[in-house]
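These notes concern the structure reproduced below.
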C-alpha cells in the first residue's frame, strides 16, 4: 500500500532526478526578479549603466564592468604588478554577469581588519568591506559586508612565474561559474584581490561564512546531529562543491575539516583561504619532473600514494580525503585522535591503516562507500559524480531513507550517553609540513609548533572576538 509518506518521498525523488535539488525554485525566483524589473526578457537587453546592448538579461556589460572610458582599453585601477593586472583584467573583459569575474579592491575600502589566522604562507583576517560586491541588476553594490582577507605571501617585488601560474589557475576556477552553477555551488566565492599597504603583500578577498569550519561545528553540535537532517546534508554539499572543482579541471589537494565551512543554513562550503592547494590537471606533467621534499597537509587526510610519492595529487587523492571526512561525520571524532602525526603513522597509513569504524552507529551502505573512498588503490575509488549520485539516492530513495532514519532513532535513544568530542585534543590537526624524504627513509619528521603551522589550519570564523589568532 502506498501511504502519504511514500508518495511524498517518491515525488521528491522524481523532481530531484530530473534536475538538481532547488533548481526549479531558483529559476522561478530568477524569472520573477526579471519580470519585476524594467529589463525586457529578450536575447539582448540594454545595459542599465552604459546604455549598450548586451547578450544577457542581467544588464551587465564589459564596458561598464571595467569602468572604461570608451575607446581606451586601460583599467582605472592598478595592482602594482602588470601580470596581476592582466589576470584581473582578463576576467572582466570576458565577463557576462556578476559572478564570473574578480575585481581589484583598494585596501582602504576595508575596516575592522582583525587577524584570525597565523600561518607560514600568510596570515588571514576578517574585515568589513565598505562597498560590498555588486549585485545582479545594474552597477549598484550591496553595501557593507563581512569578508575574509588572506595574504598570499607575495609582494610586487617577489612575484614569481610559478606564483602567477597558481594565481591564474585559481582565478580561472573561481570565475568559471555561470549564474545557475553559482547558486548550486558548495564553494566559497572569491570577490577579488587587494594589497596590504604596510607589507605590500597581495591578498585574496573571499566570502565570509559565519558558521565556522566543520571541525568547530562538529565539536559543538555532534551530540544533536542526525543523519538525515544534518550529516547527509553536509556531505551532499561537500560533494557538490568538489564535483564542480573536478569538473573544472582542478584538484583541491588539502581537503580536511578545517577547509569545510558551515553556513547558517547548515550547508557546507569548500574553502581554502590561500590558493596553494589548487593545481590544474594540465600542469601535472611538468610537476612530475621535480620530486618535492615535502607537502603541506593534515596527515590523516593525505592519500597513501601521495605520502609514498607513487603519484602526485590527483582527483583520486581528493576522494581519499573525502572518505576521511565521511568518517569524522559518522563518528564525531578526529581521525587517529591521540596518535602523534609522525613517520610511524604515515607508514601505517601507507600500509592500509584506517580509522576504526563504529558499525553500531553507521549504516552499512555508508560504511561501504567510505571504504571505497579510502581504498589503497586509487583506481578503485569512486569518482565524485558517482559519490554525489549515491548520496542523493540515500537522501531521497525510500529504502535508503528508512535505513538512515532507523539509525537516527538509535542515536536519539542514547544521546545523553555520548561523550564530548574534540575536547582535550593535543594532536595538531592543522595543515603542516610533511617531510616525504623522511617517510621514504623511515625517519621521524619534525612536527611543527603552532607558530610554524601552514595557513590552511582549521579556523573558527565566528565573531572576530571568538577567533584565536594562535
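Residue numbers (our numbering): 100 to 569. Positions of the beta carbon are idealized from the N, C-alpha and C atoms, including for glycine.
Item to complete: Report the rounded CA-to-CA distance for residue 338 versus residue 186, giving the unit in angstroms.
Response: Each residue's alpha carbon lies about 29 Å from the other.
Worksheet entry | Secondary structure of residue 264, DSSP reduced to three states | For residue 264, the secondary structure class from DSSP, reduced to helix, strand or coil, is helix.
Discussion item. Alpha carbons only, please: which of 317, 465, 227, 348 is nearest the one belonging to residue 503?
Written reply: Cα-wise, what sits closest to residue 503 is 465.
Discussion item. Between the region 321 to 328 and the region 341 to 357, can you find at least three pairs of beta-carbon atoms closer than 8 Å?
Written reply: Taking one beta carbon from each stretch, the region 341 to 357 and the region 321 to 328 have fewer than 3 pairs nearer than 8 Å; the two do not touch.
Discussion item. Spatial neighbours of residue 176 within its chain, please: C-beta separation below 6 Å, excluding the five flanking residues on both sides.
Written reply: Shown here for residue 176: same chain residues with a beta carbon closer than 6 Å to its own, the five before and five after excluded, namely 203 in chain order.
Discussion item. Could you check whether residue 420 and residue 355 sit closer than 8 Å to each other, using their CB atoms as the reference points?
Written reply: In this structure, residue 420 lies closer than 8 Å to residue 355 by Cβ.
Discussion item. Could you compute how far the alpha carbon of residue 397 sits from the alpha carbon of residue 430?
Written reply: Pairing residue 397 with residue 430, the inter-Cα distance amounts to about 18 Å.
Worksheet item: For residue 402, which of helix, strand or coil comes out of DSSP?
Response: Annotated three-state conformation of residue 402 is coil, per DSSP.
Discussion item. Using the three-state DSSP reduction, which class does residue 209 fall into: helix, strand or coil?
Written reply: The three-state reading of DSSP puts residue 209 in strand, counting E and B together.
Discussion item. Am I right that residue 417 and residue 350 are in contact with their C-beta atoms under 8 Å? What's the rounded C-beta distance?
Written reply: Cβ atoms of residue 417 and residue 350 come within 8 Å of each other, at about 6 Å.
Discussion item. Helix, strand or coil, according to DSSP, for residue 449 in the structure here?
Written reply: Here residue 449 sits in helix by DSSP.
Discussion item. By the three-class DSSP mapping on this structure, what secondary structure does residue 287 have?
Written reply: Secondary structure of residue 287 (DSSP, three-state): coil.
Item to complete: For residue 484, count neighbouring C-beta atoms within 10 Å of its own C-beta (all shown protein chains included) and say buried if the count is 16 or more, exposed if not.
Response: Per the 10 Å Cβ criterion, exposed.
Practice prompt. Assuming residue 469 contacts residue 509 (C-beta within less than 8 Å), just tell me the rounded distance between them.
Written response: A Cβ-Cβ distance of about 18 Å is found for the pair residue 469 and residue 509, leaving them out of contact under the 8 Å criterion.
Worksheet item: In this structure, does DSSP put residue 429 in helix, strand or coil?
Response: It is helical.
Discussion item. Based on DSSP bridge pairs, tell me the residues matched to residue 312.
Written reply: Paired residue(s): 360.
Worksheet entry | Burial state of residue 409, where buried means 16 or more other Cβ atoms lie within 10 Å | Under the 10 Å beta carbon count, residue 409 is surrounded by fewer than 16 other beta carbons and is classified as exposed.
Worksheet entry | Span separating the alpha-carbon of residue 307 from that of residue 320 | Residue 307 and residue 320: Cα-Cα distance of roughly 21 Å.
Practice prompt. Below 6 Å CB to CB, which residues in the same chain sit around residue 273 once its five sequence neighbours on both sides are set aside?
Written response: Excluding positions up to five away in sequence, the list reads 289.
Practice prompt. Check whether the Cβ atoms of residue 298 and residue 247 sit closer than 8 Å, and answer yes or no.
Written response: Cβ distance not < 8 Å, so residue 298 and residue 247 don't count as in contact.
Fill in: residue 313 and residue 301 closer than 8 Å at C-beta
Contact flag unset, no.
Discussion item. Contact defined as beta carbons within less than 8 Å: I believe residue 310 pairs with residue 363. What is the distance between those atoms, to the nearest angstrom?
Written reply: Their Cβ separation, rounded to whole angstroms, is 6 Å, which keeps residue 310 and residue 363 in contact under 8 Å.
Worksheet item: Relative to the alpha-carbon of residue 462, which residue among 452, 472, 507 has its alpha-carbon at the smallest distance?
Response: Of all alpha-carbon atoms in 452, 472, 507, the one lying nearest the alpha-carbon of residue 462 is that of 507.
Fill in: Three-state secondary structure assigned by DSSP to residue 321
Helix.
Practice prompt. Answer yes or no: do residue 428 and residue 369 have a C-beta to C-beta separation smaller than 8 Å?
Written response: Taking 8 Å as the Cβ cut-off, residue 428 and residue 369 do not qualify as a contacting pair.
Worksheet item: Identify the residues that DSSP records as bridge partners of residue 294: which are they?
Response: Residue 294 pairs with 301.
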